[in-house]
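Notes to accompany the following structure.
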Amino acid sequence: MAFHMTINGRRVDANAGETVLATARRHGIPIPTLCHHEAVEPFGSCRLCMVEVTKAAWKGWKGLMTACLYPSAPDLIIETDSPRVRQVRKTVLDLLLARCPDADVIRKLASEYGVEQTSFVPREHPDKCILCGLCVRVCETAATAAISTVQRGHHREVGTPWGGPPPDCIGCLACAHVCPTGHIQYSEAGGVRKIWEREFKLVRCKETGKTLPITEEQAAFLAKRQGMDPSYFTMSEEAQRTRTATTLGKIARWDKLGLVQEEVKS
Amino acid sequence: METVRYESAEGFARHVNDLRRSAFASQRRVLVCCGTGCLAGGAQQVAIEMDKQLSALPAAKRTELNLVMKKTGCHGFCEKGPLVVLMPEGTFYKGVKPKDVADIVHRTIANGEVLEHLLYVEPKTGERVARYGDIDFYAKQMRVAMRNIGHIDPASIDDYLLRGGYASMVKALTTMSPEDVLVEIEKAKLRGRGGGGFDAGRKWRSAKKAMGDRRYVICNGDEGDPGAFMDRSIMEGDPHGVIEGMIIGAYAVGSHDGFIYVRQEYPLAVEHLRKAIDDARGRGLLGKNILGTGFDFDIEIARGGGAFVCGESSALMRSVEGKVGEPRAKYVHATEKGLFDQPTVLNNVETWVNVPRIIEKGADWFTSLGTDRSKGTKAFALTGKVKNTGLVEVEMGTTLREIIWGPGGGMIDDGPKGKFKAVQTGGPSGGCVPESLLDLPCDFDSLTEVGSMMGSGGMIVMDHSTCMVDVARYFLSFLTDESCGKCVPCREGLLQMYGIVSRICEGQGKLEDLEQIESLSQTIVVGSLCALGKSGPNPVLSTLKYFRDEYLAHIQDKRCPAGVCKALITYKVNHDACDGCGACLRSCVSQAISGTIRKGETFQIDEMKCDRCGACATVCKRAAIAAA
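Just so you know, the protein sequences line up as chains A and B, in that order.
Heads up, the first sequence is in this note's numbering, so the first residue is 53 and it goes up one at a time.
Heads up, the second sequence is in this note's numbering, so the first residue is 4 and it goes up one at a time.
So, in structure tokens, the structure goes:
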């Protein structure tokens with residue numbers, strides 16, 4: 053079902069089941085986010101995507117809602133950049149800057165809202181984690197839920213079971229890649245990948261001898277989840293191409309001999 | 004009494020009638036309060052001694068007395084515990100020690116003699132009061148939610164039945180349709196007692212209308228506000244009342260599964276609820292085909308893990324599901340997608356326990372109590388600097404003054420420092436109400452209007468020895484620890500605010516800090532994910548509103564008027580009042596006091612060494628040492 057709503061004075065079409073953020077982005081209207089990613093369920097923790105929401109029937113009452121969670125609905129009137137919205141975003145970024153003064157993403161966003169220096173007291177030993185929870189949610193969705201947020205309040209952090217190397221981790225790097233601030237560190241050298249205090253052996257293609265950007269655990273996990281032959285994940289692209297070409301060549305030869313059907317079946 | 008299972012409403016009525024006529028009902032009762040407060044005061048030993056003494060009586064005497072001892076839930080008058088009440092006479096003994104038990108048994112119980120020294124003395128008149136009902140603390144209350152607490156043994160379903168228990172449930176299930184029940188609750192305008200004050204009837208109605216495979220009812224027993232213990236007392240003292248309310252609610256909305264979420268710190272509540280659920284199930288009041296009506300409903304207990312935030316409804320539901328207890332946005336209400344994404348009715352303990360009473364006496368009776376928009380009664384946990392701390396239940400709209408000087412008995416200390424300064428209501432989400440607003444009626448809307456809130460009913464009375472900036476700091480430190488940390492404004496914002504208020508307490512405050520508190524509050528209020536964050540700045544905002552001068556004294560004069568903030572006070576010896584006894588010198592762990600112990604001598608306090616613990620001032624019998 054499609055309907056209309058208004059964003060920043062513009063009449064736009066929206067779909068049932070869509071969030072305000074999705075509708076706005078589909079129409080090229082920017083709303084800043086830090087904890088949002090299309091691959092995972094919306095979370096609503098960073099509060100940057102707050103927008104002003106009202107309806108003609110609400111008699112002038114306007115609520116501040118998180119666009120990533122608020123469902124689009126007929127006749128909504130949305131302001132994505134009003135002074136009230138900008139004020140909340142400014143304070144949120146000011147707070148995040150006090151937490152993570154070294155995170156480039158935060159510095160850049162804060163600067164866009166007029167905050168060059170935090171007006172609060174910076175954290176004593178800052179890191180770059182803004183606790184958006186994306187790493188945890190991506191790991192839950194795409195991998196093995198090997199990490200989680202632990203503790204609460206200002207003691208909250210992203211952690212591993214008992215603070216040690218996470219036993220379920222497959223070293224897929226999804227957490228590191230999705231991290232908006234680059235807080236999650238990893239390294240790769242000599243066919244070994246290091247992340248979360250664990251070492252993972254990278255797969256070596258048997259055909260070409262090349263090191264592939266995938267760990268042995270990851271290959272096994274993906275093969276199992278996808279129900280595919282593990283060899284699909286443990287061969288280099290060249291080796292796969294060679295194999296495909298060889299197979300096709302065989303088929304072509306067998307075709308002439310009238311043997312194709314049986315061979316392909318097997 | 005043999006175990007029975009009620010197959011029908013008639014069977015239930017027959018059994019209750021038999022019970023009324025039985026020897027069990029006509030027994031005289033010795034009620035020993037075993038609420039948590041009295042237990043802490045040694046009630047367990049009193050109960051053991053009482054049992055021993057009663058069994059030691061000759062058999063003939065025992066038959067003649069026809070006596071039974073019952074360990075009851077909290078009588079509410081925790082200040083004076085352990086309490087022993089003799090029924091039906093209503094003789095009320097306070098501060099009972101195991102050594103008093105023999106006297107109670109041999110003189111009062113056996114001979115009808117009243118033990119003067121165990122009677123309560125009414126502070127206003129100085130008179131000893133013999134009867135329960137004549138004590139101001141109880142006489143000025145109106146008990147609806149707490150009607151059974153203290154009168155019954157919470158572990159006995161028959162005690163509850165004799166007080167009219169489960170009759171409302173039977174009435175609802177057998178003479179009313181689910182719609183009738185719902186309409187009755189709507190008409191009663193029952194508002195949620197857990198904090199928000201949302202209309203319970205409306206909540207039930209939308210859950211009933213919502214589409215779903217199953218519906219759930221939940222009782223929120225995760226009471227976590229500092230100083231509040233109404234729900235604990237109800238769960239401990241009248242567990243069947245909660246269960247009956249939930250059965251009626253489940254019947255009205257068409258639910259078959261209920262959960263009672265009890266916080267980790269309430270083991271006694273869990274024990275009593277578990278027993279009550281088992282007993283009710285045994286009698287056929289819970290489970291399949293209740294009373295032969297075809298209605299199925301059962302209750303499970305879910306235990307919290309000790310997080311304050313799990314009292315928030317969406318976090319509570321996540322916790323019941325076995326997930327991390329964190330709130331989520333409520334743009335889709337729990338009545339549509341709550342527990343396991345199914346329509347869910349979540350109400351607080353006190354709300355549920357009101358339900359049977361409404362069904363019993365009717366919505367018209369309930370709406371005759373209270374104010375225009377807040378009906379019925381409200382239980383408060385009255386604590387702080389009042390004479391009678393404890394649980395009080397009064398009609399909605401009773402003024403703060405009437406509560407504090409009525410059941411509360413007024414301020415503890417009659418001196419100048421003991422004068423009333425403020426009352427904190429609503430826990431960490433509430434605020435401090437000053438003296439000028441003492442005649443404010445206690446109902447949901449009035450308290451919210453002045454910047455505080457009803458909350459679940461915590462009420463902390465403060466006098467002039469309390470520093471309001473320090474109070475704000477305390478609540479902020481509570482909230483920064485108890486915030487789940489999911490969203491930025493609550494996690495980072497409250498932490499920064501705690502930092503600012505702490506600096507003010509330490510004498511490092513600047514005038515600009517007050518502006519920063521106010522602007523930061525605005526973002527926390529509108530920007531936080533859940534109600535805990537949104538109401539987090541309340542303790543600061545309300546103290547700033549009514550006690551700005553105290554903040555200014557800390558910031559501009561570097562002075563703490565209440566003499567609480569350590570960095571801003573010094574202890575001085577009044578040499579004229581000092582008699583040289585040396586108690587201060589011996590009490591000082593920092594060796595900051597010098598002088599010779601001799602009559603006529605006096606002492607000096609070294610400010611540099613003094614760590615402002617106040618021990619010297621506490622031990623000084625002549626009040627010669629004071630903070631300034």
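Beta carbons are placed, not taken as given, at the ideal position from N, Cα and C, and that holds for glycine.
These numbers come from a predicted model, not from an experiment.
Could you tell me which chain B residues have their CB closer than 9 Å to the CB of residue i, listed as they occur along the chain?
{"i": "residue 319/A", "result": "This structure gives no information on residue 319/A, because the portion of chain A shown stretches from 53 to 318."}
{"i": "residue 229/A", "result": "Near residue 229/A there are no residues of chain B at all, since even the closest Cβ is about 23 Å away, more than 9 Å."}
{"i": "residue 96/A", "result": "331, 332, 489, 490 and 532"}
{"i": "residue 147/A", "result": "491, 492, 494, 495, 496, 498, 499, 523 and 526"}
{"i": "residue 76/A", "result": "Chain B residues near residue 76/A: none, gap ~16 Å exceeds 9 Å."}
Is it right to say residue i is buried, meaning 16 or more other beta carbons lie within 10 angstroms of its own, or is it exposed?
{"i": "residue 13/B", "result": "exposed"}
{"i": "residue 130/A", "result": "buried"}
{"i": "residue 112/A", "result": "exposed"}
{"i": "residue 559/B", "result": "exposed"}
{"i": "residue 157/B", "result": "buried"}
{"i": "residue 58/B", "result": "exposed"}
{"i": "residue 20/B", "result": "exposed"}
{"i": "residue 173/A", "result": "exposed"}
{"i": "residue 600/B", "result": "exposed"}
{"i": "residue 212/B", "result": "exposed"}
{"i": "residue 62/B", "result": "exposed"}
{"i": "residue 303/A", "result": "exposed"}
{"i": "residue 88/B", "result": "buried"}
{"i": "residue 434/B", "result": "buried"}
{"i": "residue 612/B", "result": "exposed"}
{"i": "residue 316/B", "result": "buried"}
{"i": "residue 180/B", "result": "exposed"}
Quick check on residue i: does DSSP put it in helix, strand or coil?
{"i": "residue 456/B", "result": "coil"}
{"i": "residue 629/B", "result": "strand"}
{"i": "residue 503/B", "result": "helix"}
{"i": "residue 13/B", "result": "helix"}
{"i": "residue 466/B", "result": "strand"}
{"i": "residue 292/B", "result": "strand"}
{"i": "residue 574/B", "result": "strand"}
{"i": "residue 398/B", "result": "strand"}
{"i": "residue 304/B", "result": "strand"}
{"i": "residue 132/B", "result": "strand"}
{"i": "residue 639/B", "result": "The question about residue 639/B has no answer, for chain B in this structure spans 4 to 631."}
{"i": "residue 159/B", "result": "coil"}
{"i": "residue 59/A", "result": "strand"}
{"i": "residue 131/A", "result": "strand"}
Can you give me the Cβ contacts of residue i inside the same chain, cut-off strictly under 7 Å, excluding the 5 residues immediately before and after it?
{"i": "residue 251/B", "result": "171, 172, 175, 184, 358, 359 and 362"}
{"i": "residue 603/B", "result": "583"}
{"i": "residue 343/B", "result": "324"}
{"i": "residue 203/B", "result": "188, 193, 194, 195, 350 and 354"}
{"i": "residue 298/B", "result": "176 and 254"}
{"i": "residue 94/A", "result": "71, 88, 120 and 121"}
Ordered along the chain, which non-local residues of its own chain (more than five positions away) have a Cβ less than 8 Å from that of residue i?
{"i": "residue 284/B", "result": "290 and 301"}
{"i": "residue 504/B", "result": "472, 475, 476, 479, 520 and 543"}
{"i": "residue 4/B", "result": "No answer about residue 4/B holds up, because its pLDDT of 47 lies below 50 and its placement is not dependable."}
{"i": "residue 218/A", "result": "198, 199, 212, 248 and 250"}
{"i": "residue 415/B", "result": "388, 389, 390, 421 and 466"}
Output, in chain order, the set of chain A residues within a Cβ distance shorter than 8 Å of residue i.
{"i": "residue 530/B", "result": "99, 102, 116, 140, 143 and 144"}
{"i": "residue 494/B", "result": "183, 205, 206 and 208"}
By Cβ distance, which residues of its chain are closer than 6 Å to residue i, with the 5 residues on each side in sequence left out?
{"i": "residue 438/B", "result": "423"}
For a contact meaning CB atoms closer than 7 Å, what does residue i contact in chain A?
{"i": "residue 308/B", "result": "The premise fails here: residue 308/B is roughly 11 Å from chain A at the closest Cβ pair, so nothing lies under 7 Å."}
{"i": "residue 451/B", "result": "What residue 451/B touches in chain A: nothing, since even the nearest Cβ is about 17 Å away."}
Which chain B residues sit within Cβ distance under 7 Å of residue i?
{"i": "residue 172/A", "result": "499"}
Could you tell me which chain C residues have their CB closer than 7 Å to the CB of residue i, listed as they occur along the chain?
{"i": "residue 122/A", "result": "Looking at the structure shown, chain C is missing, and the protein chains on hand are A and B."}
Just to confirm, does residue i get its C-beta within under 8 Å of one of the non-hydrogen atoms of the ligand GTP?
{"i": "residue 392/B", "result": "The ligand GTP is not part of this structure, which contains no ligands at all."}
Which residues in chain A sit within 9 Å of residue i, going by Cβ to Cβ distance?
{"i": "residue 519/B", "result": "171 and 172"}
Starting from the beta carbon of residue i, find every residue of chain B whose beta carbon is closer than 8 Å, and list them in chain order.
{"i": "residue 54/A", "result": "Per Cβ cutoff of 8 Å: no residues; residue 54/A is ~20 Å from chain B at best."}
* Length at least 3, wholly inside the segment 42-82 of chain B: the beta strand (DSSP E) runs in chain order -> 70-75
* **Start-end ranges of the alpha helix (DSSP H) lying completely within the segment 218-302 of chain A, minimum 4 residues** => 226-230, 268-278 and 283-286
* **alpha helix (DSSP H) runs contained entirely in the segment 230-290 of chain B, provided each spans 4 or more residues** => 233-240, 242-256 and 270-285
* To do: For the segment 374-424 of chain B, list the alpha helix (DSSP H) runs that are entirely contained and at least 4 residues long, ordered along the chain.
  => 403-408
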